[in-house]
Amino acid sequence: MMISARASGLVLALATLAWNYLFVHGFTVPSSLSTSAIVPKTAITFQVASQLGASVDVGIDQDQEQQQQSDNELMRRDRYVATNRFSVRQDQQAKFEKRWATRKSRLATLDGFRYFHLMRRVSLNEDGTNTYKEGTDNDSAFGNYVSFTIWEKKDQFQEWRQGEAFKEAHGGTSIGAFVSTMINSAFVLRGPPRPAFYDGLLLQSTVPQDVPTTVDGWRAVEADGVTTLPAECFVACNQFYVSSANAAAFEERWANRESTLREYDGFVAFSMLRRDVGDAGMDDLVQNKGEPSYMSTTIWRDRQAFDNWKAGSFGKAHDGSKAKSKVPPGPPLWSQPPQPVFYEGTLVISSQDGP
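If you number the sequence shown the way my numbering does, the last residue is 407 and the count never jumps.
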């Protein structure tokens, strides 16, 4: 019987994922078929959780990591941020959002949880509206949706990733549920998600006046799979391509900046995100993979709040009339110009204290 190349690829991918699932979750693997000869267990764990749309620890020893930060004079993290970047197929965004809205998750009840939202990438129109920025091929579609979770500490994220709540949220309670999740994903996503993890630096946040209601730790919203969910926040990011040699100076420059974000109505939170990859990985990330090593992330109540800030503090800081730093600006510390990217956030979940 002849099958199409796409179907054959799907079968092979599912078989690989099922094998990896059995290995990662502790099922016995015959010695004659040991996967250790094929790929390290850490890599398999990373691949499986990526396919599940999960956020996974990159395996850096925390004590060693903190020593590295001290030796290189990098800033200690204020929060730990786990993201997963998706490539949603054309016209599948409402179905993708429905999967998130209807999933089973205890996220808001877990120790160390601070904040979550699902982001869809947008372009900004001059009339103050936003347009979903889908992408036209695999490369441009990458990251058109991003899950974004803030944790108090890295080890609390690790505890979640290793516990039952993680399995429940990602279809891993049984091999049948896992395969079902994989099949559904194949029709909505262009390829496997790609997680990215960050140390959150220079945190600023506000205590929310109202916290979205959750049921058993997750939002209870109506999602029909036809209409996308309403925007509940606006997120402005700027991606920076900084080498490990310039990392400490880059962080110091940001630490010396004056900020008036808290003065603006609609400000929710700010953090400078540093990729959690270690020094050597930072250079590989920028030079070989073409990904940013830092990303400033500001969450606003809505697009209007962002525009108000941009017309005020941002404009003054960039028109040359007044320096907004405690020290004179130096030469660029990045290898290419920063790249802004904007999102609408939905399915917001927050702790009582905010991010």
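Using N, Cα and C, we set each Cβ at its ideal position, and we do this for glycine too.
Under the three-pair Cβ rule at 8 Å, the stretch 257-275 does not count as touching the stretch 325-343. Boundaries of the alpha helix (DSSP H) harbouring phenylalanine 209: 206-213, taken from the DSSP string.
Ser199 is the residue among Phe302, Ser199, Gln144 whose C-alpha sits nearest the C-alpha of leucine 399. Looking at the backbone, the Cα of asparagine 196 and that of glutamine 145 are separated by about 9 Å.
In the DSSP assignment, the residues bridged to glutamine 391 are Gln291. In the structure shown, aspartate 335 falls within a helical segment according to DSSP collapsed to helix, strand and coil. Remark: C-beta atoms of isoleucine 202 and glycine 252 approach each other more closely than 8 Å. Selection Arg314, Leu313, Gly318, Thr350 evaluated against leucine 325 yields Thr350 as nearest (Cα-Cα).
Assigned with DSSP and collapsed to three states, threonine 135 falls in strand. Secondary structure of alanine 307 (DSSP, three-state): helix. For methionine 171, the closest alpha carbon among the candidates Gly215, Leu159, Trp152 is that of Trp152. In the structure shown, asparagine 177 adopts coil according to DSSP, grouped into three states.
Around the Cβ of proline 384, a 10 Å sphere holds fewer than 16 other Cβ atoms; the residue is exposed.
Annotation for aspartate 251: the continuous beta strand (DSSP E) segment containing it runs 246-257. With a beta-carbon spacing of about 4 Å, valine 133 and tyrosine 250 fall inside the 8 Å limit used to define contacts. In the three-state reduction of the DSSP assignment, alanine 321 falls in the strand class.
Here the alpha carbons of valine 140 and glutamine 404 stand approximately 32 Å from one another. In the structure shown, valine 198 adopts extended strand secondary structure according to DSSP, grouped into three states.
For tryptophan 152, the enclosing alpha helix (DSSP H) covers residues 145-153.
Distance from the Cα of arginine 166 is smallest, within the candidate group Val393, Gly187, Pro264, for Pro264.
Annotation: tryptophan 352 is outside any alpha helix (DSSP H); the continuous beta strand (DSSP E) that includes it extends over 346-352. Per DSSP, reduced to three states, the secondary structure at asparagine 182 is strand. Here DSSP, grouped into helix, strand and coil, assigns valine 140 to strand.
The C-alpha of leucine 162 is placed about 14 Å away from the C-alpha of lysine 156. Going by DSSP, glutamine 356 is part of the alpha helix (DSSP H) stretching over 355-361. CA-to-CA, the gap between threonine 181 and alanine 363 works out to about 16 Å. Annotated three-state conformation of serine 237 is helix, per DSSP. In the DSSP assignment, aspartate 191 falls within the alpha helix (DSSP H) that extends over 190-193. The shortest CA-to-CA distance from threonine 280 to any of Val294, Gly397, Gln391 is the one to Gly397. The beta carbon of tryptophan 270 lies closer than 8 Å to those of Arg155, Lys156, Ser157, Arg158, Leu159, Ala160, Ile401 in the same chain, with the five residues before and after it left out.
By the neighbour-count criterion, in which a residue is buried when 16 or more other Cβ atoms sit within 10 angstroms of its Cβ, lysine 341 is exposed.
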